[in-house]
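Colleague:
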Amino acid sequence: MAKHTEPRFYLQLKKKYPDYFGAVEALGKAVHNSGPLDMKITNLVQLAAAAAIRSEGAVHSHVRRALEAGATADEVDHVLISLTSTIGFPNVIAALSWAADVVGAQKSGKKPSRQKK
213 MAKHTEPRFY LQLKKKYPDY FGAVEALGKA VHNSGPLDMK ITNLVQLAAA AAIRSEGAVH
273 SHVRRALEAG ATADEVDHVL ISLTSTIGFP NVIAALSWAA DVVGAQKSGK KPSRQKK
């Protein structure tokens with residue numbers, strides 16, 4: 213799978229606040245290196261957390277990252293439907309639709325767009 217490109221707005225902020233983004237990225241690396249979970253599992257766990265707080269942007273990000281780390285679209289869906297008794301059916305359906313944005317965009321070569329609220 214091809215390496216993802218961060219959203220344009222994220223890149224603009226990263227350029228404007230390089231120290232802040234450097235620190236956040238260093239924290240992410242430290243967290244990953246602190247235990248036995250591989251990147252695929254780590255991103256699937258983070259995907260579940262993103263779905264639980266209804267963060268569309270974080271769901272997009274962690275689906276992208278999980279796929280890049282070797283997860284399949286079926287594994288992404290399974291993680292999300294596994295949350296039904298915890299976060300509720302409507303929240304799972306929302307997260308599945310956001311995940312489908314990324315999977316569909318990767319298949320078509322386009323970037324997912326955020327839904328207007």
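Letter by letter, the sequence shown follows residues 213 to 329 in this note's numbering.
Positions of the beta carbon are idealized from the N, C-alpha and C atoms, including for glycine.
What you are looking at is a predicted structure, and each value in this text was computed from that prediction instead of being measured.
So, for K319: in the same chain, excluding its five sequence neighbours on each side, which residues have a beta-carbon less than 6 Å away from its beta-carbon?
Modeller: Cβ neighbours of K319 beyond the five flanking positions: none.
Colleague: In terms of alpha-carbon separation, which member of E218, K226, G316 and I265 lies closest to V304?
Modeller: Answer by Cα proximity: I265.
Colleague: Does DSSP classify L223 as helix, strand or coil?
Modeller: Correct three-state label for L223: helix.
Colleague: Using the rule of at least 16 other Cβ atoms within 10 Å of the residue's Cβ for burial, across every protein chain shown, is F221 buried or exposed?
Modeller: By the neighbour-count rule (16 or more Cβ atoms within 10 Å), F221 is not buried but exposed.
Colleague: For H290 and R277, what's the separation of their Cα atoms in angstroms?
Modeller: Approximately 16 Å between the Cα atoms of the pair.
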